[in-house]
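Per the working numbering, the sequence shown starts with residue 97, numbered consecutively.
Note that CB positions come from ideal geometry on N, CA and C, so glycine has one too.
Everything numeric in this text was worked out from a predicted model, so none of it was measured.
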Amino acid sequence: MNSNYEKKKEFIVNTVYLILIILFIYFGFKYVLKLISPFLFAFIIAYFIHGPAKKIGERLKINVTFVSIAFVLLFYSILFLFLSVVGINLISMINDEVSSLPKNYKFYIEPLLKSLFDYIEKIIIGLDPSIIEAINKGFDQVVSALGENVTKLSISLVSSVSSLASSLPALLIKTLLMIISTFFIAADYEKITSFMSRQFSSGANRYIDVIRNYVVNTLFVVIKSYVIIMTITFIELSIGLTIIGVKNSVLIAIIIAIFDILPVLGTGGIMIPWAIIEFLQGNPPLGIKLLIVYVIVTIIRNVIEPRIVGGQLGLHPIATLISMFVGTSLFGIMGLFGFPIALALLKHLNDTEGIKIFK
97 MNSNYEKKKE FIVNTVYLIL IILFIYFGFK YVLKLISPFL FAFIIAYFIH
147 GPAKKIGERL KINVTFVSIA FVLLFYSILF LFLSVVGINL ISMINDEVSS
197 LPKNYKFYIE PLLKSLFDYI EKIIIGLDPS IIEAINKGFD QVVSALGENV
247 TKLSISLVSS VSSLASSLPA LLIKTLLMII STFFIAADYE KITSFMSRQF
297 SSGANRYIDV IRNYVVNTLF VVIKSYVIIM TITFIELSIG LTIIGVKNSV
347 LIAIIIAIFD ILPVLGTGGI MIPWAIIEFL QGNPPLGIKL LIVYVIVTII
397 RNVIEPRIVG GQLGLHPIAT LISMFVGTSL FGIMGLFGFP IALALLKHLN
447 DTEGIKIFK
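Laid out in structure tokens, this is it:
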């Protein structure tokens, strides 16, 4: 009796403990991470820069702080250049498509609608007056519904643009904070890490080192996995877009492959609007071909992603798929990458460090 009571007590305590840990991690990611994200990203960038900067500084007998600052400047310059080139090409492509809409509407959509209405009018003339009245009412209702939907869409677009515009100052401030913090952290990296290390016991520092080394190595593995996925997606898109006769297919494939990593946008964020535009421009064959390419690429990606990422991390594809889905649902792109890494870390600690989480 006493033994059963102790087992139940232990089970309840362990369950409550696990729930508290999950809640702590959830609220930490959900709220605390947003507050410290500029400084966290700055620290991560400084961490990866410090190793090479230290080696080069010691080899060339140059001040490590100076080399670190130079590396930070080089990193942000390359990043800014890359984003500028991709952004300019993307905006130019969208601008070309949008600017041609009025002309295409006049030459393709308007004649098509006129022919359709003429055909309907010929059919209606021979019908009973009561049927004609019912059809007219139906048309009026459709027009009214379309007008209401257009109004709602306009309000929604204005709201979205206003929301985006209002969030830009905060995004700009966070970006500036991240850039400035990276310079400061990179310049005094060893002092900062030494101070942080002194705040923990030797046992805690050992676990922190194990976790840090594993997470860093795993992060490189995840990056490698997504580079493989991006490469496969790029090859598929290049072949598909070239076959269907799209100009600048390789450049477009590069842009879409990069967007494919983002959980909100993905391949569909570019290809579906592109296909819709082609339909509106009076080019349904190309629109259908684009949708076919999109479906093929999406199916292949959904099949290979959990296998490649899970295989690299040592996780079962199902476990990887669940962690990616839950992570993306809760935290977006951070969860997409973070949850599989966290699951792999728990498995590693369970297997090698004596922290028994799984049986």
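Contact between the segment 301 to 315 and the segment 350 to 359 is absent, with fewer than three C-beta pairs closer than 8 angstroms. Its chain contains P402 as the residues whose beta carbon lies nearer than 6 angstroms to that of L417, once the 5 sequence neighbours on both sides are disregarded; these appear in chain order.
Short of 8 angstroms from the beta carbon of S334, and not among the five residues preceding or following it, lie these beta carbons of its own chain, in chain order: S345, V346 and A349.
If you look at K287, you'll find it in the alpha helix (DSSP H) that goes Y285 to R294. At a Cβ-Cβ threshold of 8 angstroms, I437 and T314 count as neighbours. Excluding residues up to 5 positions away in sequence, nothing lies with its Cβ nearer than 6 angstroms to the Cβ of P265 in the same chain. C-alpha of I288 to C-alpha of K126: approximately 26 angstroms in a straight line. Annotated three-state conformation of K218 is helix, per DSSP. Secondary structure of Q377 (DSSP, three-state): coil. Non-local beta-carbon contacts of P134 in its own chain, meaning distances under 7 angstroms to residues more than five positions away in sequence, involve K270, L273, M274 and S277 in chain order. Fully contained in the segment 292 to 319 is no alpha helix (DSSP H) run of length 4 or more.
If the five residues before and after F375 are omitted, its C-beta is found closer than 8 angstroms to the C-beta atoms of G383, all from its own chain and listed in chain order. In the three-state reduction of the DSSP assignment, T448 falls in the helix class, which pools H, G and I. Per DSSP, L411 lies in no alpha helix (DSSP H) segment and is marked neither H nor E.
Non-local beta-carbon contacts of G341 in its own chain, meaning distances under 7 angstroms to residues more than five positions away in sequence, are absent. Taking a contact as a CB-CB distance under 8 angstroms, the pair I145 and F167 counts as one, their CB atoms being some 5 angstroms apart. Assigned with DSSP and collapsed to three states, K157 falls in coil, not helix or strand. Look at V112 here: in three-state DSSP terms it is helix.
In this structure the segment 155 to 165 lies against the segment 278 to 285, because at least three pairs of beta carbons, one per stretch, are closer than 8 angstroms. The three-state reading of DSSP puts K343 in coil, since its state is none of H, G, I, E or B. In summary, H444 is buried, with 16 or more beta-carbon neighbours lying within 10 Å of its beta-carbon over all protein chains present. Secondary structure of G364 (DSSP, three-state): helix. A direct Cα-to-Cα measurement between F171 and R302 gives close to 31 angstroms. A straight line joining the alpha-carbon of L337 with that of L386 spans about 8 angstroms.
Taking 8 angstroms as the upper bound for CB-CB distance, S293 and V405 are not in contact here, some 32 angstroms apart. Distance between I319 and T363, taken at the CA atoms: about 19 angstroms.
DSSP, reduced to helix, strand and coil, places G431 within a helical segment of the structure shown.
Note on T111: under 16 other CB atoms within 10 angstroms of its CB, so exposed under the neighbour-count rule.
Each of S419, I115 and I165 was checked against the Cα of A138, and the nearest Cα belongs to I165. Using a 10 angstroms sphere on the CB of S419, the tally of other CB atoms reaches 16 or more, which defines it as buried. CA-CA distance, K130 to L441, rounds to 23 angstroms. Rounded to whole angstroms, the separation of the alpha carbons of K233 and L426 is 47 angstroms. G428 and N446 have their alpha carbons spaced roughly 27 angstroms apart.
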